[in-house]
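First residue of the sequence shown: 1309, per our numbering; consecutive thereafter. From the three backbone atoms N, C-alpha and C, an ideal C-beta is built for every residue, glycine too. Predicted model only: the values in this text are computed from it and were never measured. Structure record follows, encoded as structure tokens.
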Amino acid sequence: MSCSLCELKTILHVYDDSDPRWIIIDCMTCLLPMAVWRGTPLHVMEVSSKDYYEMEEALKKTALDLLGTEDFYIDKVQNQIQDHLHWHARPNDWKIPKIEAPIFVSTNDKHEMCLKVFCELFEKFFKSQKLNILGYTPPSEKLSDNFVFHSMGEQQAACEWSTGLIDFFSLLKDDIFIYGTEDVAFIKHTFFNVVNDLIKMMKDDPSIGRINLVDCCEGDEGGLENSPHYKVKFVKDIKICSLYEQTPESPYKITTQFSIWNKAFFLKYLKKSQTPWEFETRGSQEAASDKEYKVLMTYGKHFPVSKKEAFKAGKWENQSSWYNFLPTSLQTEIEKWNRKGKHTIEYIR
Ligand SMILES: [Zn+2]
Ligand SMILES: [Zn+2]
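Pasting the structure below:
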């Protein structure tokens, strides 16, 4: 398997490039100084005690310069990559940034297996963020403590998909939230700081109706600027990617892809008794001439949230991108379900 610390293809910020044995850069996830071993041999955990000591001193010096205080520690616990030496300098009160808006995913009774995959990968790539699940019958197995299941009542037909959501979101106190459907699989870490910057941008500017957080051109050649599906203009670069605004000619203003939503914009186009498909197509038609709200897209080499389409009409998709992230127990369950369970369910969504 390739190692992102051996390759170091994308570097957001370099603090110290002066010693050939290591480089001190911003960690892409935490946006904090991180020393990465780049001596010989390269992909190792064990280095000489001299190298070990001097790399630690160099990281301490960078942290002191940056933070202006000794109130930090060198964190030698490696989470995402276990076998290539790298350490973080973290302020003593540092925590994984909490996403500053509630996160919602909607599901239905037929998608219980799909939801399991979603939850497993949410745990992996969103860490301890809280997830609100909007469904009908509560899942048969106990959910993690950071997951809350909200029942919208009895299972409804797909043509009533929107009705329960309208009832739920109309009563929500928050004006800004993240929403998506459960038929996707997360495949890389989430940039919590970037998501929070975008949430703040929406709180400051009520004319932003939605910001798309994921790759909207999955599978399309040529990227967003040449997309046959979207018409956009460049707005600005943000830390890890660029922001674009959909122009009035763009036909896909409304989608169920993971996005930060302005509640008023969401409820303006979500009409009673719609399927998700009707919400996207009719909503987009109506939103085309919307002068009140704009829709922004994130696009670039990285995305605030990285996912692949994972499930469609009862079939798994892009399994090679996400299946290996699942624990063996869930893989076994999926294999069993592939042979038996799904054939008893008719998928219409
Ligand atoms: Zn490596
Ligand atoms: Zn980090």
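Alpha-carbon to alpha-carbon, residue j and residue i
i	j	result
L1374	E1462	55 Å
G1327	E1362	It should be noted that the sequence gives Asp, not Gly, for residue 1327. Roughly 10 Å separates the two Cα atoms.
L1367	F1380	11 Å
K1539	S1558	5 Å
L1521	D1482	19 Å
H1396	L1339	10 Å
A1572	T1583	20 Å
L1372	E1364	12 Å
Y1577	T1489	17 Å
K1623	E1420	13 Å
G1347	I1332	13 Å
K1547	L1350	28 Å
C1524	S1535	10 Å
W1630	D1383	29 Å
V1425	S1357	43 Å
A1409	P1635	29 Å
S1478	Y1360	56 Å
Q1390	T1337	15 Å
Within 7 Å, strictly: CB atoms of residue i and residue j
i	j	result
I1642	A1595	no
K1615	F1494	yes
A1618	D1417	no
Y1552	F1542	yes
Y1444	G1517	no
L1316	D1334	no
E1449	S1581	no
N1501	P1612	no
I1484	K1511	yes
F1457	H1497	no
When the options are compared against residue i, the one with the closest alpha-carbon
i	options	result
F1499	T1606, F1542, F1477	T1606
V1322	H1419, V1344, E1617	V1344
D1545	H1610, G1488, V1492	H1610
S1312	W1469, L1442, H1392	H1392
E1378	K1384, D1359, P1399	P1399
T1415	Q1437, I1519, K1450, M1460	M1460
P1514	K1599, G1472, Y1560	K1599
V1352	H1394, D1325, I1382	H1394
N1454	P1447, I1407, L1439, A1465	L1439
F1633	E1588, P1446, Q1388	Q1388
S1550	K1424, L1506, S1592, P1556	L1506
V1503	I1474, T1471, Q1437	Q1437
V1603	I1519, T1471, V1385, F1412	I1519
E1354	K1369, G1376, R1329	R1329
Ligand 2 heavy atom lying under 6 Å from the CB of residue i
i	result
T1337	yes
Residue i: CB within 6 Å of a non-hydrogen atom of ligand 1
i	result
L1313	yes
H1394	no
H1351	yes
Ligand 4 heavy atom lying under 6 Å from the CB of residue i
i	result
L1480	Among the ligands modelled here, namely ligand 1 and ligand 2, ligand 4 does not occur.
- Identify every run of the alpha helix (DSSP H) within the segment 1539-1602, keeping only runs that are complete inside it and at least 4 residues long; order them along the chain. 1571-1577, 1584-1595
- Please specify which runs of the beta strand (DSSP E), each continuous and at least 3 residues long, are wholly inside the segment 1438-1509, giving them in chain order. 1439-1443, 1455-1459, 1484-1489, 1492-1494
- Task: Go through the segment 1358-1408 residue by residue and report every complete run of the beta strand (DSSP E) that reaches 3 residues or more, in order.
- Result: 1380-1383, 1394-1399
- Runs of beta strand (DSSP E) lying entirely within the segment 1615-1648, each at least 3 residues, in chain order: 1615-1617
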